[in-house]
Amino acid sequence: MVESFQYAHLEMDFGSKALFLDSGRVRLTRKEYELLALLVENAGEVVPRDLLLRQIWGYGSEIRTRTLDVHIRRLRKKLAAAGARYIETIFGVGYRFQPLDLGRPAPAPDHPALSLKAS
């Protein structure tokens, strides 16, 4: 089982459900953590809106809500402290965790800079 995810200034500890940036621990709500964890576990892949709404909130695709967008906005604001953009919007589809250091191209999802640490 994977215990943590680390990339540049960001570390996510799945065991303790904690997020760390260079500035220290970042306080996340339970839903923010669940959302970020699902995106990180699928780093480099587009995660459809319907899947995120169903897995995190239990909503069906017939529900029209801005809940996901609000949580993404809050996560982006908290992650911005690391000086990078991590969550990419794929218009009309969903979101992708794609670490983008400002001013540098993004690594491929299998790049060694994106490391998942197992127990």
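In this text, residue positions in the sequence shown follow the working numbering: the first is 1466, and each later residue adds one. Think of the CB as a built atom: it goes at the ideal place given N, C-alpha and C, for glycine as much as any other residue.
Same chain, Cβ closer than 8 Å to L1567, neighbours up to 5 away in sequence not counted:
Numbered from 1 along the sequence shown, position 102 holds the residue referred to as residue 1567. With a pLDDT of only 44 at L1567, under 50, the local geometry of the prediction cannot be trusted, and no value is derived from it.
Apart from the five residues just before and just after G1480, which ones in its own chain have a Cβ nearer than 6 Å to its Cβ?
Working through the sequence shown from its first residue, we reach residue 1480 at position 15. Closer than 6 Å at Cβ, skipping near neighbours: E1468.
Out of curiosity, what's the CA-to-CA distance linking M1477 and R1529?
Residue 1477 sits at position 12 when you count from the first residue of the sequence shown. Residue 1529 sits at position 64 when you count from the first residue of the sequence shown. Approximately 30 Å, taken between the alpha carbons.
With a CB to CB cut of under 7 Å and the five nearest residues on each side skipped, what residues in its chain are close to L1504?
Counting from one through the sequence shown, the residue named residue 1504 turns up at place 39. Contacts found: V1512, I1552, Y1560 and F1562.
So is I1555 buried or exposed if we call it buried at 16+ other beta carbons inside 10 Å?
Residue 1555 sits at position 90 when you count from the first residue of the sequence shown. Exposed.
Backbone CA spacing between H1576 and R1514 [nearest angstrom]:
In the sequence shown, the residue the question calls residue 1576 occupies position 111. In the sequence shown, the residue the question calls residue 1514 occupies position 49. Below a pLDDT of 50, predicted positions are generally treated as unreliable, and H1576, at 45, falls in that range; no measurement from the model is reported.
To the nearest angstrom, report how far apart G1523 and R1495 are at their CA atoms.
As a position in the sequence shown, residue 1523 is number 58, starting the count at 1. As a position in the sequence shown, residue 1495 is number 30, starting the count at 1. The straight-line gap from Cα to Cα measures roughly 14 Å.
With 16 as the cutoff for other CB atoms within 10 Å, does V1558 come out buried or exposed?
To locate residue 1558, count along the sequence shown from 1; it is residue 93. The Cβ neighbour count for V1558, taken over all protein chains shown within 10 Å, is under 16; the residue is labelled exposed.
Under the rule that 16 or more other beta-carbon atoms within 10 Å means buried, what is A1546, buried or exposed?
Reading the sequence shown from its first residue, position 81 is the one you call residue 1546. Looking at its Cβ environment, which holds fewer than 16 other Cβ atoms inside 10 Å, A1546 is exposed.
Just mark V1491 as buried or exposed, buried being the case when its beta carbon has 16 or more other beta carbons within 10 Å.
Position 26 of the sequence shown, counted from the start, is the residue given in the question as residue 1491. Buried.
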